[in-house]
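A short write-up of the structure that comes next.
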Amino acid sequence: MIGAARRDWLLTEAPASRRQARLGQSYRLWMAFSRNRLAMVGLGIVLALVAMAIFADVIAPYDPLRGGGLRTARLLPPSAEHLMGTDDQARDIFSRIVHGSRITLMVVALVAVIATPIGLLVGTCAGYFGGWVDTVLMRITDVFLAFPRLILALAFVAALGPGIENAIIAIAITSWPPYARLARAETLTIRDTDHIAAIRLQGASSARILWGHVTPLCLSSVIVRVTLDMAGIILTAAGLGFLGLGAQPPQPEWGAMIAAGRGYIIDYWWVATMPGIAIFVVSLGFNLLGDGLRDILDPKART
Amino acid sequence: MTLLSIQDLNVVFPGKSGPVHAVRGVSIDVTRGESYGLVGESGSGKSTVLRAVAGLAPVSEGTITLDGQTLGRKRDRAFYRRVQMVFQDPYGSLHPRHTVDRVLSEPLAIHRMGDAEKRIARALDEVGLGQGFRFRFPHQLSGGQRQRVAIARALILEPEIMLLDEPTSALDASIQAEVLNLLDRLRVERGLTYVMVSHDLGVVAHMCERLSVMEQGRVVETLTRADLRALRATQPYTQRLLAASRGFTRADPVT
Chain L
1 MIGAARRDWL LTEAPASRRQ ARLGQSYRLW MAFSRNRLAM VGLGIVLALV AMAIFADVIA
61 PYDPLRGGGL RTARLLPPSA EHLMGTDDQA RDIFSRIVHG SRITLMVVAL VAVIATPIGL
121 LVGTCAGYFG GWVDTVLMRI TDVFLAFPRL ILALAFVAAL GPGIENAIIA IAITSWPPYA
181 RLARAETLTI RDTDHIAAIR LQGASSARIL WGHVTPLCLS SVIVRVTLDM AGIILTAAGL
241 GFLGLGAQPP QPEWGAMIAA GRGYIIDYWW VATMPGIAIF VVSLGFNLLG DGLRDILDPK
301 ART
Chain H
1001 MTLLSIQDLN VVFPGKSGPV HAVRGVSIDV TRGESYGLVG ESGSGKSTVL RAVAGLAPVS
1061 EGTITLDGQT LGRKRDRAFY RRVQMVFQDP YGSLHPRHTV DRVLSEPLAI HRMGDAEKRI
1121 ARALDEVGLG QGFRFRFPHQ LSGGQRQRVA IARALILEPE IMLLDEPTSA LDASIQAEVL
1181 NLLDRLRVER GLTYVMVSHD LGVVAHMCER LSVMEQGRVV ETLTRADLRA LRATQPYTQR
1241 LLAASRGFTR ADPVT
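Chains L and H, in that order, are what the protein sequence lines are.
Note that the first sequence covers residues 1 to 303 in our numbering.
Note that the second sequence covers residues 1001 to 1255 in our numbering.
Right under this line is the structure:
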């Protein structure tokens, strides 16, 4: 009964306060989102990743950095004791994957936090102001787009020195141009609408229009794009780790773990396969989540 | 006393296939407190005249004077306190992610006007919407309700001149009458000056004391409401418009 009352309160056609209007809007989005079962699976995977990162110390049964006896516990196959087996340093692979989720999540979160605002700012400014501002900003974007992402990231890491922080900076620097393009394209369609003309006629400054009126309309498609790119970002981070330019040993980064297991892949398949499965599952989760978000946030893309 | 004066206005848009001359030498004088109509078919440049006054279209030649002051290229904030506009399409003129509350409180924030609560409540009451609509999103409103919100948004800054760009053409007939009556009432109550664009001679005859008929960017004729009622149009184009507004008449049967 309480549930029904709360539902009515959220879905009312005549909200009585700012908060109720906003919550009602969020609830409607959530209802649309939760109808999509695959998107819910994606959300579940991402939430599981977050939970795993937060509670890594509780979940992981062994120390991720220090292994057992090198003579007795190296390269053990998966068993009840070691769910995913052990690697060549006699470390429990399951524990390493659990702790590695922290690194993965940090990469994803930091890249999103760095690249999204840059892309949005550049794109909306270029689209809104047009003229030479547009030309300058978009040519800079083109320069960044002209390099293959992994190669540019490699160059940055080579210049800055290997390490997970530098890998994050490199990935962030190489991933904003598509967001800028997207935000610009959206802004161009929004710029000439009547509601932007109306707010200009109220005397609003460009900053107010960009932040309060243009950005909210660009945001949904950019968020969708960022979420769909997450898989690529994770793969790039893992790729840098694999090449030895990302996280440095003994950090349990998934890409680096695959690289370490490469030498034994025929005889001890689990060493490289387990982190590979982890990367695959998390990438899939972000892709499903992104697809679901696109369906609710961007009705134009619905077929 | 002339409040808004447009002298020899020309508007040229840079187009893909050469420049488009949308308005050619239009001059009108709008007296304080009157309601002035601009009539013409689509593409006659009537909306462009309004947009040029509002600063949304480039003025290539000519001057626009408000209360004796010539307006420059950039409009300042004080100008927008005095002149506000209502757009044609109520589905496009409200931000889809902003509540009515946000739509109405933003102009107050921009112009640092206090008493936001009271002003918003008053504006909603004045356009006949009431408090229940305050926290709705545009998608929860009908076309007529949206247009009322747009009118409230324009009114909340207490302007002297309202530029009305076909404010009812996107609404169905019964709602159209309601919104027109609302605009009429507000003009009387607040002593507003209207410049109204329409392709509908009936609407303009109802709303405006004087009107100019535009064709291909030029004013072809200026009439008073009495002229219009008495069908005293001298130009053939105006006569055609008048005939069209009376509706379909059957030609004499051929014998």
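Glycine included, C-beta positions come from ideal geometry on N, C-alpha and C.
Checklist line | Nearest-angstrom Cβ-Cβ length linking I296/L and G276/L, presumed shorter than 8 Å | finding: Contact doesn't hold; Cβ gap of about 31 Å is too wide.
For R1263/H, three-class secondary structure by DSSP: With chain H running from 1001 to 1255 in the structure shown, residue 1263/H is simply not present.
Runs of alpha helix (DSSP H) lying entirely within the segment 222 to 290 of chain L, each at least 4 residues, in chain order: 254 to 261
- Integer-rounded CB distance, given that G1045/H should sit under 8 Å from M1214/H: 6 Å
Point to revise | V1011/H beta carbon less than 8 Å from that of A1057/H | key: yes
* Asked: Buried or exposed: which applies to D267/L, given that a residue is buried once 16 or more other Cβ atoms fall within 10 Å of its Cβ?
  -> exposed
* Indicate the three-state DSSP secondary structure (helix, strand or coil) for R1218/H in the structure shown. => strand
request  = Along the beta strand (DSSP E) that carries T1002/H, what are the first and last residues, could you check?
outcome  = T1002 to F1013
Can you tell me the Cα-Cα spacing of Q1216/H and L1201/H, whole angstroms?
17 Å
Item checked: Against chain L: residues of the segment 1075 to 1100 of chain H by CB proximity under 7 Å -> R1077, Y1080, Q1084, M1085, F1087, D1089, G1092, S1093, L1094, H1095, R1097 and T1099
contact_flag[the segment 192 to 201 of chain L, the segment 1072 to 1089 of chain H] where n(CB pairs < 8 Å) is 3 or more: yes
**Message:** With a threshold of 8 Å, are at least 3 pairs of Cβ atoms found where one atom belongs to the segment 207 to 217 of chain L and the other to the segment 181 to 193 of chain L?
**Reply:** yes
Please state the DSSP three-state secondary structure of D1172/H. coil
Practice task
Taking the CB atoms as reference points, tell me whether P148/L and L245/L lie closer together than 8 Å.
Solution key: no
Helix, strand or coil for R19/L? Go by DSSP, reduced to three states. helix
- Message: From the DSSP secondary-structure annotation, give me the bridge partner or partners of D92/L.
- Response: T86/L
Contacts of A1054/H in chain L (Cβ-Cβ under 7 Å)
L201
Check your understanding: Listing by chain order, which chain H residues have their CB less than 8 Å from the CB of A32/L?
Key -> Result: empty, since nearest Cβ-Cβ is about 13 Å, beyond 8 Å.
query = Who are the neighbours of P1014/H on chain L, taking C-beta pairs under 8 Å?
reply = Simply none; closest approach about 12 Å.
Exercise. So, is the C-beta of A301/L closer than 8 Å to a C-beta in chain H?
Worked result: Here A301/L scores only 48 on pLDDT, less than 50, and its place in the model should not be relied on; the value that follows carries that caveat. False, the Cβ-Cβ gap to chain H never drops below 8 Å.
Next item on the list: Note down, in chain order, every chain L residue with its Cβ under 9 Å from the Cβ of G1144/H.
Entry: Near G1144/H there are no residues of chain L at all, since even the closest Cβ is about 16 Å away, more than 9 Å.
- Task: Using the Cα positions of G356/L and R1112/H, report the straight-line distance between them to the nearest angstrom.
- Result: Nothing can be reported for residue 356/L, as the shown portion of chain L is limited to 1 through 303.
Strictly below 9 Å CB to CB, what residues from chain H border E390/L?
No statement about residue 390/L is possible, as the shown extent of chain L runs from 1 to 303 and does not include it.
- Spatially closest choice to T1048/H from V1030/H, L1164/H, Q1131/H and Y1237/H, by CA coordinates: L1164/H
| message | Going by C-alpha to C-alpha distance, which of S79/L, P78/L and R71/L sits closest to Q89/L? | response | R71/L
Near-chain H residues of the segment 174 to 197 of chain L - C-beta to any C-beta below 9 Å = T193, D194, H195, I196 and A197
Next on the checklist: Let's test the definition: count the other Cβ atoms within 10 Å of the Cβ of V133/L and tell me whether it reaches 16, buried, or not, exposed.
Outcome noted: exposed
If you check the beta carbons only, do F156/L and P177/L fall under 8 Å apart? no
task = Verify whether the separation of the beta carbon atoms of A197/L and I171/L is less than 8 Å.
result = no
| Residue-level contact to chain H via CB, A21/L, 8 Å cutoff | yes
task: Taking C-beta pairs closer than 7 Å, name the residues in chain L that Q1069/H reaches, listed in chain order.
output: Residues of chain L passing the Cβ test: none, with the nearest at roughly 17 Å.
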